[in-house]
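Data first, discussion second: the structure below is written as structure tokens.
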Amino acid sequence: MIHPQQKTLLQVDVKELKGKPGAQDTLSRTVPAPADFATVLVGVPEASDLDLDLRLESVHEGVLLSGTASAEVVGECGRCLDPLSYPLTVDVMQLFTWDANPGEDEGDDTSVVSDDLTVDVEPVLRDLMVSALPFQPVCRENCPGLCSQCGFRMEDDPEHAHEQLDPRWAALSGLAAELNNAQDDGDLPEEGRKSPSP
Ligand SMILES: [Zn+2]
Ligand SMILES: [Zn+2]
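Under UniProt numbering, the first residue of the sequence shown is numbered 1, with each subsequent residue one higher.
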């Protein structure tokens, strides 16, 4: 759908704002989310709705981008692997300077208006969204996860546990089984468990 010549939907023309401090433009639209708005377990699916409610304001040094961006985060619980999803909204506040070398040290957080007088909103949104994603997403705060021994969903039965057999008892029960077998072998051939019919 995107014309090959067209830049991405997140590159915004700011020609009209150049040299007009105070002038404003809005960027209110829903665009398909770009790739890689994600971490390992969760993220905004590519091409899903990314809702922008942004404002571009011409200021002396450049263009100030502010507002919010929202999307649905989808992924899986890091404990029980259940699918999860929730809405995420991030606050955006980013200055794009007209000049690549403002002379003064502006820190690493500044972006620059490109030579063709557009600003690329995508990396700004990606940084904000990705840093707002949990490193260890959980379906809920106290998700009990899976049994470490068999993978059972602990939520289905909080009592689930594995009997920890003392090795000494295990040896004894093995011995008992052997004795039983020996007895059975003596009295009954093969199916020792058949009880006599009344
Ligand atoms: Zn979970
Ligand atoms: Zn288990």
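Beta carbons: idealized from backbone N, C-alpha and C, even for Gly.
{"Asked": "heavy atom of ligand 2 below 7 Å from Phe37 C-beta", "Found": "no"}
{"Asked": "Closer than 7 Å: Asp82 CB and nearest ligand 1 heavy atom", "Found": "yes"}
{"Asked": "Complete runs of the beta strand (DSSP E) confined to the region 84 to 152 [at least 3 residues]", "Found": "118 to 120"}
{"Asked": "Under the three-state DSSP convention, the category Pro167 falls into", "Found": "helix"}
{"Asked": "Test item, CB below 6 Å from any non-hydrogen atom of ligand 2", "Found": "Cys147, Gln149, Cys150, Phe152, His160 and His162"}
{"Asked": "Any non-hydrogen atom of ligand 1 within 7 Å of Arg79 CB", "Found": "yes"}
{"Asked": "Pro4, DSSP secondary structure in three states", "Found": "Caution applies to Pro4, whose pLDDT of 45 falls short of 50 and renders its modelled position unreliable; the value that the coordinates give is listed next. Three-state DSSP puts Pro4 in coil, outside helix and strand."}
{"Asked": "Collapsed DSSP secondary structure at Asp82 in the structure displayed", "Found": "coil"}
{"Asked": "Close Cβ partners of Trp98 (< 6 Å) along its chain, the five nearest in sequence each way excluded", "Found": "Gly62 and Val113"}
{"Asked": "Residue environment, Met93, which counts as buried when at least 16 other CB atoms sit within 10 Å", "Found": "exposed"}
{"Asked": "Those residues which DSSP pairs with Glu16 across a bridge", "Found": "DSSP lists no partner for Glu16."}
{"Asked": "Close Cβ partners of Asp13 (< 8 Å) along its chain, the five nearest in sequence each way excluded", "Found": "Leu117 and Thr118"}
{"Asked": "Rounded C-alpha distance that separates Thr8 from Pro32", "Found": "10 Å"}
{"Asked": "Where Gly43 falls, given that 16 or more other Cβ within 10 Å makes a residue buried", "Found": "buried"}
{"Asked": "Own chain residues within Cβ distance below 6 Å of Leu10, not counting five before or after", "Found": "Val121 and Glu122"}
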